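A short worksheet on the structure shown next.
Number of protein chains: 2
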Amino acid sequence: MTTGKLLVISGPSGTGKGTICKKLFEDFENIVFSVSMTTRNPREGEIHGQSYYFTEKSNFEKMISEDGFLEYAKVFDNYYGTPKKPVIDQLSKGNDVLLEIDVQGAMQVRDAYPEAVLIFILPPSLKELKNRIINRGSESEESLNKRLGEAMHEITYADKYDYAVINDDLDEAVKQVESIIVAEHLKVTQNIAKVIDSYRKEI
Amino acid sequence: MTTGKLLVISGPSGTGKGTICKKLFEDFENIVFSVSMTTRNPREGEIHGQSYYFTEKSNFEKMISEDGFLEYAKVFDNYYGTPKKPVIDQLSKGNDVLLEIDVQGAMQVRDAYPEAVLIFILPPSLKELKNRIINRGSESEESLNKRLGEAMHEITYADKYDYAVINDDLDEAVKQVESIIVAEHLKVTQNIAKVIDSYRKEI
């Protein structure tokens, strides 16, 4: 059986990457979520093992020391990370695993698992991104500018990714990401030797 | 403007690669044919510059000496080849160029133009390939066995290709090849630097 693909999707907030990921889960039955682990307290309605794996700081740090994360970060006083084992288990079952993470996380994943497929979702333009954020409402001018500055910083990482998709039209962007996933599964790898052998055995 | 992709499609005869290529031309408007050059005489109805570029042996050999072919072969007393210049011209216009050639030709193209995207079309099995050849009719048992031997020889080259597509269901195979083409255009290349710059200029 073929190993699944580890798919990493990043992009500035407002590019619609969440919506794209949701569509991928609908359209491909063998793509599974990765559940993150965190040391912050559960919020109302959050379910352990589904929203997050909730754990103690001491356990998280033990796992860091044992190289147990594909990526992790400390945000203020809390850790957030992607535990390695459940991801590797799913990949070896032949499932694809989708991680929607930021650029720092993606760079860590690439180092930990070089076969990962990194896809960057770009807005059609910064102006358009600005409009989308404004239309969501509830942003002060100051926080809007901060968001755009962060977006530009993230965009400078796009050249570290394998693929870049411009989300101008959502359906088109979804189709493009799906094409990437299909194509990645058709790449000739070591597995082809087995395939060639299977023909040979017929003779 | 982005450079087009040089797409090379190979596979044993009977795998349906001709039908797949025809569908690609229908579905993608910026894929163009490459017209081969030959020293054999035109047959009735063949048009110079469309069926083939017909030329003299001395001219063909001069072009070989000037590295003017992406690939060429001598079959009995006649040369057949893909002239380099018209292909490169189309690629720099941003068009994709599709070459449906055999494995020897494909290996030459890969050496001459390493950015080429090599796609191998496989039959679901040798047994199925045999059935397809029989259903086409007009094959003696001897020629059938020769054809299958050639097919097996070609299949051993599949591991030199970038992608392998099994043509079990034609529509599915076409969709897969189209996904490869779409994905190849989304790969992050040197061009991304210009894209990132375009966002920067908006600030």
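Those protein sequence lines, which keep their order, are chains A and B.
All letters in the first sequence, in the order written, are residues 1 to 203 by the working numbering.
All letters in the second sequence, in the order written, are residues 1001 to 1203 by the working numbering.
Beta carbons are placed, not taken as given, at the ideal position from N, Cα and C, and that holds for glycine.
Just so we're clear, the structure is a prediction, and the values are computed from it rather than from any experiment.
**OP:** Quick one: using the 10 Å Cβ neighbour count with 16 as the cut-off for buried, is PHE120 of chain A buried or exposed?
**Re:** Position 120 of the first sequence, counted from the start, is the residue given in the question as residue 120 of chain A. Under this definition PHE120 of chain A is a buried residue.
**OP:** Could you say if the region 8-16 of chain A and the region 148-155 of chain A meet the contact criterion of at least three C-beta pairs nearer than 8 Å?
**Re:** The region 8-16 of chain A makes contact with the region 148-155 of chain A: 3 or more CB pairs, one atom from each, lie closer than 8 Å.
**OP:** From the DSSP output, read off the bridge partner residues of ILE119 of chain A.
**Re:** Here residue 119 of chain A corresponds to residue number 119 of the first sequence, with the count starting at 1. ILE119 of chain A pairs with A:ILE9 and A:TYR163.
**OP:** Under 7 Å between beta-carbons, which chain A residues line up against ASP1162 of chain B? List them in chain order, please.
**Re:** As a working mapping, residue 1162 of chain B is identified with position 162 in the second sequence. Chain A residues near ASP1162 of chain B: LYS187 and VAL188.
Original post:
Between which two residues does the beta strand (DSSP E) containing PHE1025 of chain B stretch?
Top reply: As a working mapping, residue 1025 of chain B is identified with position 25 in the second sequence. For PHE1025 of chain B, there is no enclosing beta strand (DSSP E); the residue is part of the alpha helix (DSSP H) that begins and ends at 1017-1027.
**OP:** Have a look at the DSSP bridge pairing and note the partners of PHE69 of chain A.
**Re:** Here the question's residue 69 of chain A lines up with position 69 in the first sequence. Looking at the DSSP assignment, PHE69 of chain A forms a beta bridge with A:PRO83.
**OP:** Tell whether a beta-carbon distance below 8 Å holds between ASP1159 of chain B and ALA193 of chain A.
**Re:** If you number the second sequence from 1, residue 1159 of chain B lands on position 159. If you number the first sequence from 1, residue 193 of chain A lands on position 193. Taking 8 Å as the Cβ cut-off, ASP1159 of chain B and ALA193 of chain A qualify as a contacting pair.
**OP:** Using a cut-off of 7 Å between C-beta atoms, extract the partners of MET1107 of chain B located in chain A.
**Re:** By 1-based counting over the second sequence, the position of residue 1107 of chain B is 107. The contacting residues do not exist; MET1107 of chain B stays about 14 Å from chain A at best.
Subject >> alpha helix (DSSP H) segment containing ILE1192 of chain B, residue limits >> reply: Position 192 of the second sequence, counted from the start, is the residue given in the question as residue 1192 of chain B. Segment 1191-1200, the alpha helix (DSSP H) holding ILE1192 of chain B.
Original post:
Any idea which residues DSSP pairs LEU1099 of chain B with across the strands?
Top reply: Position 99 of the second sequence, counted from the start, is the residue given in the question as residue 1099 of chain B. Paired residues: B:VAL1008.
**OP:** With 8 Å as the threshold, decide whether the Cβ of VAL8 of chain A is near any Cβ in chain B.
**Re:** The count along the first sequence starts at 1 and reaches residue 8 of chain A at position 8. Closer than 8 Å: no.
Original post:
Exposed or buried, what is GLU71 of chain A when buried is set at 16 or more other beta-carbons lying within 10 Å of its beta-carbon?
Top reply: Within the first sequence, numbered from 1, the residue matching residue 71 of chain A stands at position 71. With 16 or more Cβ atoms within 10 Å of its Cβ, GLU71 of chain A is classed as buried.
Subject >> Chain-order list of residues whose beta-carbon lies under 8 Å from that of PRO1269 of chain B (same chain, five-residue window excluded) >> reply: With chain B covering 1001 to 1203 only, the question about residue 1269 of chain B has no answer from this structure.
Original post:
When the Cα of GLU204 of chain A is compared with those of A:THR38, A:LEU126, A:PRO42 and A:GLU44, which residue comes out closest?
Top reply: Coverage of chain A is limited to positions 1 through 203, which leaves residue 204 of chain A absent and any answer about it impossible.
Subject >> Interface residues of the region 1017-1040 of chain B facing chain A [CB-CB below 7 Å] >> reply: When CB distances to chain A are screened at a threshold of 7 Å, not a single residue of the region 1017-1040 of chain B falls below it.
Original post:
Of the residues that make up the region 116-136 of chain A, which ones have a beta carbon closer than 7 Å to any beta carbon in chain B?
Top reply: Per Cβ criterion, the list reads SER125, LEU126 and LYS127.
Subject >> Beta-bridge pairing of ILE1180 of chain B - partner residues as DSSP gives them >> reply: Along the second sequence, one-based indexing puts residue 1180 of chain B at 180. None; ILE1180 of chain B has no bridge partner.
Subject >> Partners in chain A for GLU1202 of chain B, counting only beta-carbon separations shorter than 7 Å >> reply: Position 202 of the second sequence, counted from the start, is the residue given in the question as residue 1202 of chain B. Within chain A, the residues near GLU1202 of chain B are SER125, LEU126 and LYS127.
**OP:** Using DSSP bridges, identify the partner residues of THR1038 of chain B.
**Re:** For this step, residue 1038 of chain B is matched to residue 38 along the second sequence. THR1038 of chain B is bridged by DSSP to B:PHE1054 and B:TYR1080.
Original post:
What residues in its chain sit with their C-beta under 6 Å from that of ARG1132 of chain B, if we drop five residues either side in the sequence?
Top reply: Taking the first residue of the second sequence as position 1, residue 1132 of chain B is located at position 132. Only GLY1014 meet the Cβ criterion.
Original post:
Name the chain B residues whose beta carbon is nearer than 7 Å to that of GLN176 of chain A?
Top reply: Taking the first sequence and counting its residues from 1, the one referred to as residue 176 of chain A is at position 176. Within 7 Å Cβ-Cβ: VAL1182 and LEU1186.
**OP:** Count the other CB atoms, across all protein chains shown, that sit within 10 Å of the CB of GLN90 of chain A; report buried if there are 16 or more and exposed otherwise.
**Re:** In the first sequence, the residue the question calls residue 90 of chain A occupies position 90. It counts as buried.
**OP:** Count the other CB atoms, across all protein chains shown, that sit within 10 Å of the CB of LYS17 of chain A; report buried if there are 16 or more and exposed otherwise.
**Re:** By one-based count along the first sequence, residue 17 of chain A stands at place 17. Around the beta carbon of LYS17 of chain A, a 10 Å sphere encloses 16 or more other beta carbons of the protein chains shown; the residue is thus reported as buried.
**OP:** Going by CA-CA distance only, name the one from A:PRO83, A:LEU126 and A:ILE181 that's closest to GLY49 of chain A.
**Re:** Residue mapping note: residue 49 of chain A aligns to position 49 of the first sequence, counting from 1. If we check each option's Cα against that of GLY49 of chain A, A:PRO83 comes out closest.
Subject >> Sheet register partners of LYS1093 of chain B (DSSP bridge) >> reply: On the second sequence, residue 1093 of chain B is found 93 positions in, with the first residue counted as 1. None; LYS1093 of chain B has no bridge partner.
Original post:
Taking C-alpha atoms, which residue in B:VAL1182, B:ALA1073, B:LEU1006 and B:ARG1200 lies nearest to ILE1088 of chain B?
Top reply: The count along the second sequence starts at 1 and reaches residue 1088 of chain B at position 88. Taking ILE1088 of chain B as reference, the option from B:VAL1182, B:ALA1073, B:LEU1006 and B:ARG1200 with the minimal CA-CA separation is B:LEU1006.
Original post:
What residue from A:TYR199, A:TYR79 and A:GLU29 has the CA that sits closest to MET63 of chain A's CA?
Top reply: Within the first sequence, the letter at position 63 stands for residue 63 of chain A. It is A:TYR79.
**OP:** Please classify VAL32 of chain A: does DSSP put it in a helix, a strand, or coil?
**Re:** Your numbering for residue 32 of chain A matches position 32 in the first sequence. For VAL32 of chain A, the secondary structure class from DSSP, reduced to helix, strand or coil, is strand.
**OP:** Using three-state DSSP, classify VAL1174 of chain B as helix, strand or coil.
**Re:** Translated into positions along the second sequence, residue 1174 of chain B becomes position 174. Correct three-state label for VAL1174 of chain B: helix.
Original post:
Going along chain B, which residues have a C-beta under 7 Å from SER179 of chain A?
Top reply: As a first step, residue 179 of chain A is located in the first sequence; it is residue number 179 there, counting from the start. The answer, in chain order, is SER1179, VAL1182 and ALA1183.
Subject >> Chain-ordered chain B contacts of THR156 of chain A [CB-CB under 7 Å] >> reply: Within the first sequence, the letter at position 156 stands for residue 156 of chain A. Simply ILE1196.
**OP:** Taking only the alpha-carbon atoms, compute the straight-line gap between LEU98 of chain A and ILE31 of chain A and give it to the nearest angstrom.
**Re:** Sequence index remark: in the first sequence, residue 98 of chain A carries index 98 (1-based). Sequence index remark: in the first sequence, residue 31 of chain A carries index 31 (1-based). Each residue's CA atom was taken as its position, placing LEU98 of chain A and ILE31 of chain A some 7 Å apart.
**OP:** Count the other C-beta atoms from every protein chain shown that fall within 10 angstroms of the C-beta of GLY1045 of chain B, then say buried if there are 16 or more, exposed otherwise.
**Re:** Taking the first residue of the second sequence as position 1, residue 1045 of chain B is located at position 45. In the assembly as shown, GLY1045 of chain B is an exposed residue. Its beta-carbon has fewer than 16 other beta-carbons within 10 Å.
Subject >> Extent of the continuous alpha helix (DSSP H) run through LYS272 of chain A >> reply: Because chain A is modelled from 1 through 203, residue 272 of chain A falls outside the range shown and cannot be assessed.
Subject >> Which listed residue (A:PRO114, A:VAL177 and A:ILE47) has its alpha carbon closest to that of PHE25 of chain A >> reply: Within the first sequence, numbered from 1, the residue matching residue 25 of chain A stands at position 25. Comparing Cα positions, the closest option is A:VAL177.
Subject >> Option in B:ASP1077, B:ARG1136, B:PRO1123 and B:PHE1069 with minimal Cα separation from GLY1105 of chain B >> reply: Locating residue 1105 of chain B in the second sequence gives position 105, where the first residue counts as 1. Here the closest residue by C-alpha is B:PHE1069.
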